[in-house]
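Visitor: Here it is, the structure in full.
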Amino acid sequence: MGTESLAQHSSGVKRQEEQLLVDGCRRGDRESFAQLMRLHEKQIYNFTYRMLGSEGEAEDLTQDIFIAAFRGIRSFRGEAKFSTWLYRIALNQARNRIKYLSRRNFFARQTRRADDGANTGSESPEGLADSSPTPEQWTMAKDLAAQVQECLNQIPPQARQILVLRDVQGFSYDELSEMLSLRPGTVKSRLHRARAAMRDCLSEKLE
Numbered sequence: 027m028g029t030e031s032l033a034q035h036s037s038g039v040k041r042q043e044e045q046l047l048v049d050g051c052r053r054g055d056r057e058s059f060a061q062l063m064r065l066h067e068k069q070i071y072n073f074t075y076r077m078l079g080s081e082g083e084a085e086d087l088t089q090d091i092f093i094a095a096f097r098g099i100r101s102f103r104g105e106a107k108f109s110t111w112l113y114r115i116a117l118n119q120a121r122n123r124i125k126y127l128s129r130r131n132f133f134a135r136q137t138r139r140a141d142d143g144a145n146t147g148s149e150s151p152e153g154l155a156d157s158s159p160t161p162e163q164w165t166m167a168k169d170l171a172a173q174v175q176e177c178l179n180q181i182p183p184q185a186r187q188i189l190v191l192r193d194v195q196g197f198s199y200d201e202l203s204e205m206l207s208l209r210p211g212t213v214k215s216r217l218h219r220a221r222a223a224m225r226d227c228l229s230e231k232l233e
């Protein structure tokens, strides 16, 4: 069996296992849902952190997403992958939370915090590479991570979500098309504009 066939087989097995867990959730089995959470919570948390730029808000939103998924699990019919269905919920929840926080100037306050002290010791959810960096490298990496997150906070939410899903989490154009209910060409054009906005923002900060 070739490498591609092995990958396809592994993907198929994972989807079957997920479907068994989904079936358990539909029957009200909380342990099945807990297993689904463990499979996806790291990626969902990373998405919410990148969308909101706050660990506390990301934790709350991640919890809300899984609560909404548990309550709506009976509507999942298996026509798409479970992860696609879950990210649709995450996108809707994130949009609503961003609107709520924007009305309270949350992102402006986040930007001021980043400007006042990018070196507070906090890390992104993925952390830094475990390569024994020097203190100078550690500081530079944290500064850059803070500037990237600050720029993410400043670009429009629609651009932010597609950039995070593609460039941070690695979803394919086809997966994004399905998640966002957009044609692949529209996905590519929006991603192009989002990357341009990030480049412009980072160029200003790194001058």
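If you're matching positions, the sequence shown starts at 27 in this note's numbering and goes up one per residue.
No residue lacks a Cβ here, since even glycine has one placed at the ideal position from N, Cα and C.
Quick one: grab the DSSP three-state call for Ser109.
Guide: helix
Visitor: Which residues mark the beginning and the end of the alpha helix (DSSP H) in which Thr74 is found?
Guide: 56-78
Visitor: Quick check on this structure: which residue in Tyr71, Tyr75, Ala171, Ile93 has the alpha carbon closest to the alpha carbon of Arg56?
Guide: Selected option, being the one with the closest Cα: Ile93.
Visitor: Which of helix, strand or coil does DSSP assign to Asn131?
Guide: coil
Visitor: Under 8 Å between the Cβ atoms of Leu191 and Leu202?
Guide: Yes, the Cβ-Cβ distance between Leu191 and Leu202 is below 8 Å.
Visitor: How big is the Cα-Cα spacing for Gln175 and Gly79?
Guide: 6 Å
Visitor: Let me make sure I understand the geometry here. Which of Asn118, Met77, Ser109 has the alpha-carbon closest to that of Leu62?
Guide: Ser109
Visitor: Where are the alpha helix (DSSP H) runs, 4 residues long or more, that stay fully inside the segment 165-204, in chain order?
Guide: 183-189
Visitor: Please report the distance separating the alpha-carbon of Ala60 from that of Gly82.
Guide: 21 Å
Visitor: Between the alpha carbons of Ala95 and Leu206, how many angstroms are there, rounded?
Guide: Going by the C-alpha atoms only, they are around 17 Å apart.
Visitor: State the Cα-Cα distance for the pair Lys40 and Gln184, rounded to the nearest angstrom.
Guide: 30 Å
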